[in-house]
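Working notes, beginning with the structure itself.
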Amino acid sequence: MNWRGPAISFWNIKIVGIPLSGYNFYEKLESWWTQSSLCNAMGMIRFMLPCLFCLENCKERDRKISEEQSHRENNGDDERTENLASRSNEQSEQCCGSNGICSHEVLRDGDRDSASKVVPNKCARKASFKLSWCCKGDQSDQHKHDIVSFERGNITTAERSSKQISLKWESQPQTVIILTKPNSTSVRILCAEMVRWLREQKKLDIYVEPRVRAELLTESSYYNFVHTWKETEIMLLHTKVDLVVTLGGDGTVLWAASMFKGPVPPVVPFSLGSLGFMTPFHSERYQEYLDSILKGPISITLRHRLQCHVIREAAKNEYETEGPILVLNEVTIDRGISSYLTNLECYCDNSFVTCVQGDGLILSTTSGSTAYSLAAGGSMVHPQVPGILFTPICPHSLSFRPLILPEHVTLRVQVPFNSRSHAWASFDGKDRKRLAAGDALVCSMAPWPVPTACQVDSTSDFLNSIHDGLHWNLRKTQSFDGPRDA
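By UniProt numbering, the letter at position 442 of the sequence shown is numbered 442, and the numbering carries on one by one without gaps.
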């Protein structure tokens with residue numbers, strides 16, 4: 001368009017956008033255009049007004065065209081997203097079965113198919129991408145099923161920690177094992193009463209420890225139906241038992257977990273000890289609780305365990321180890337009876353972490369975060385959070401703070417050759433092993449957690465345990481009668 005001369009007809013300008021009614025308005029604009037003069041102010045206004053009007057209409061036209069194109073593209077993206085999500089769901093089972101890890105992405109920047117090409121969008125978008133979790137070889141014990149979704153190149157969700165887990169029986173439980181705290185008269189009486197009730201009311205097969213069976217038979221020959229096991233049969237105990245009932249405190253739960261070197265049946269812990277962070281059930285209502293648990297469904301907490309190996313300096317390779325040793329609370333490396341500071345070199349996945357100089361080091365599960373690690377200054381952690389606590393014991397340093405490491409790492413603690421003394425490792429407070437110079441302890445997350453039944457749910461039971469067991473944040477309430485802000 002030649003903006004310098006008024007001779008161009010206004011009708012050559014195609015106006016699309018804002019609707020205009022009647023010809024009087026158009027005729028008026030044409031009259032302004034053809035009769036305008038650039039010699040005075042009014043002529044300038046008559047000349048510029050149609051130009052501004054055309055400019056605004058062109059902008060409105062472009063905006064509507066852009067909105068229509070964007071609407072059509074979004075509809076196409078939604079259809080491609082639904083198709084891709086459908087194919088991803090169909091393939092998820094095969095993917096998880098081959099790798100143990102599965103990531104499903106939802107891509108919205110164009111779909112690629114073997115028989116078609118990528119159709120780029122009109123507008124520039126961020127590049128799409130895929131995210132996956134790596135495992136240490138095909139034989140890895142770390143199996144994780146995560147759903148990661150993407151929208152226009154942005155990570156929208158990636159849930160790593162477990163939600164509340166519910167257990168539902170597919171067939172009725174038939175066999176129960178009862179483990180008890182020793183040398184307790186009240187526990188022995190409750191055990192006999194529970195065995196009788198489970199047999200007469202629930203028609204269950206019952207296993208107890210050899211010591212407990214001898215005590216029951218001493219009391220009455222009625223308990224001849226109770227089963228026990230030999231030392232050589234412990235490794236296969238999980239194949240016979242549907243449910244584990246513990247009568248005691250947290251120590252009894254630790255003992256029950258140590259009996260199962262592989263998979264662990266669901267554990268129902270009754271509180272009959274001095275302190276119970278893992279025993280939410282009260283023994284006075286055992287019939288009500290067990291009746292509900294046997295019917296199901298029940299909420300459970302998967303308590304992770306650590307798998308430990310001791311590698312001696314004289315070992316020919318890293319596979320020549322002592323173990324595995326499974327712990328539910330913690331493994332502790334300390335200086336023992338030596339008067340010298342312990343000296344420990346720590347590595348995480350072959351990366352040097354630090355050198356511990358102090359009384360020792362605690363490697364704890366999140367279930368054990370309320371035990372020895374807490375006393376050494378470690379944080380309390382929800383038991384469903386997957387992680388390993390790295391807590392020093394009285395370090396000779398003002399800057400050595402505890403750590404919480406992810407569950408997939410492998411930790412190696414080694415006694416250096418220049419150490420002044422040996423170190424000692426204990427596993428859940430027992431089975432102490434001496435670590436000489438050059439010896440190492442390798443620790444990682446075990447693939448077999450301990451499933452414990454919840455009275456309410458995992459979070460409620462955890463909060464109740466720290467309130468009742470530790471009186472966490474209990475203080476006298478501030479008086480309302482006093483100075484106040486204006």
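Just so it is clear, CB atoms sit at the ideal spot from N, CA and C, and this is done for glycine as well.
Query, Result
"Would a C-beta distance cut-off of 8 Å place F390 and L374 closer than the cut-off?", "no"
"Would you call D431 buried or exposed, if buried means 16 or more other Cβ atoms sit within 10 Å of its Cβ?", "exposed"
"Considering only the beta carbon of each residue, do S299 and C454 sit closer than 8 Å?", "yes"
"If contact is defined by three or more beta carbon pairs under 8 Å, each pair taking one atom from either stretch, is the stretch 413-420 in contact with the stretch 369-386?", "no"
"Rounded to whole angstroms, what's the CA-CA distance from R63 to C54? Just pull it up for me.", "14 Å"
"Does the separation of the CB atoms of V353 and D439 fall below 8 Å?", "no"
"Buried or exposed: which applies to P263, given that a residue is buried once 16 or more other Cβ atoms fall within 10 Å of its Cβ?", "exposed"
"From the DSSP output, which residues share a beta bridge with Y289?", "DSSP output for Y289 lists no bridge partner at all."
"Hey, could you find the ends of the beta strand (DSSP E) E322 is sitting in?", "322-327"
"If I follow the unbroken beta strand (DSSP E) through L411, where does it start and stop?", "411-414"
"Anyone know if the C-beta pair for L411 and G368 falls short of 8 Å?", "no"
"Taking only the alpha-carbon atoms, compute the straight-line gap between N183 and L190 and give it to the nearest angstrom.", "13 Å"
"On the criterion of 16 or more Cβ atoms from any shown chain inside 10 Å, does E219 qualify as buried, or is it exposed?", "exposed"
"Output the distance between the C-alpha atoms of L306 and T477, rounded to the nearest integer angstrom.", "41 Å"
"Among residues of its own chain, excluding the 5 on either side of V413, which ones have a beta-carbon nearer than 6 Å to its beta-carbon?", "I333, L344, C346, L441"
"Name the DSSP beta bridge partners of W424, please?", "D334, R434"
"With DSSP run on the structure shown, which of helix, strand or coil describes E345?", "strand"
"Should F150 be labelled buried (16 or more other beta-carbon atoms within 10 Å of its own) or exposed?", "In this prediction, F150 has a pLDDT of 49, which is less than 50 and means its spatial position is unreliable; nothing more can be read from the coordinates."
"Could you tell me the distance, in whole angstroms, from the CA atom of L326 to the CA atom of A446?", "7 Å"
"Would you mind reading off the limits of the alpha helix (DSSP H) that contains H309?", "Note, H309: premise wrong, no alpha helix (DSSP H); beta strand (DSSP E) at 306-311."
"Enumerate in chain order the residues of its own chain whose CB-to-CB distance from W255 is below 7 Å, with the five nearest sequence positions on each side excluded.", "L179"
"Excluding the 5 residues preceding and the 5 following P324 in the sequence, name in chain order all residues of the same chain whose CB lies nearer than 7 Å to its CB.", "Q307, C308, H309"
"Less than 8 Å between the C-beta atoms of T279 and D250, yes or no?", "yes"
"Residues in its own chain within less than 8 Å of I393 by CB, not counting five upstream and five downstream?", "T332, D334, G358, D359, G360, L361, I362, A376"
"Can you find the residues in the same chain that come closer than 8 Å, C-beta to C-beta, to residue 489, ignoring five residues on each side of it along the sequence?", "The question about residue 489 has no answer, for the chain in this structure spans 1 to 486."
"Excluding five sequence neighbours on each side, which residues of the same chain lie with their C-beta closer than 7 Å to the C-beta of H238?", "F260, G262, P263, V264, P265"
"Beta carbon of T366, beta carbon of H304: below 8 Å?", "yes"
"Determine the closest residue to V409 out of D461, T459, R213, D349, with distance taken between C-alpha atoms.", "D349"
"Taking the alpha-carbon positions, what's the V245 to S465 distance?", "19 Å"
"Under three-state DSSP, which class holds G249?", "coil"
"Let me know the secondary structure DSSP gives T185 once reduced to three states.", "helix"
"In chain order, what residues of the same chain lie with their CB nearer than 6 Å to the CB of E288, ignoring the 5 residues before and after it?", "none"
"According to DSSP, is residue 489 part of a helix, a strand, or is it coil?", "Nothing about residue 489 can be reported from this structure: the residues present for the chain run from 1 to 486 only."
"In chain order, what residues of the same chain lie with their CB nearer than 6 Å to the CB of A436, ignoring the 5 residues before and after it?", "H422"
"What does DSSP give as the partner residue(s) for Y207 in the beta ladder?", "I177, H227"
"Can you have a look at T157 and say buried or exposed, based on whether 16 or more other CB atoms are within 10 angstroms of its CB?", "A caution first: T157 carries a pLDDT of 49, below 50, which makes its placement in the model unreliable, though a value can still be read off. When all chains shown are included, T157 counts as exposed."
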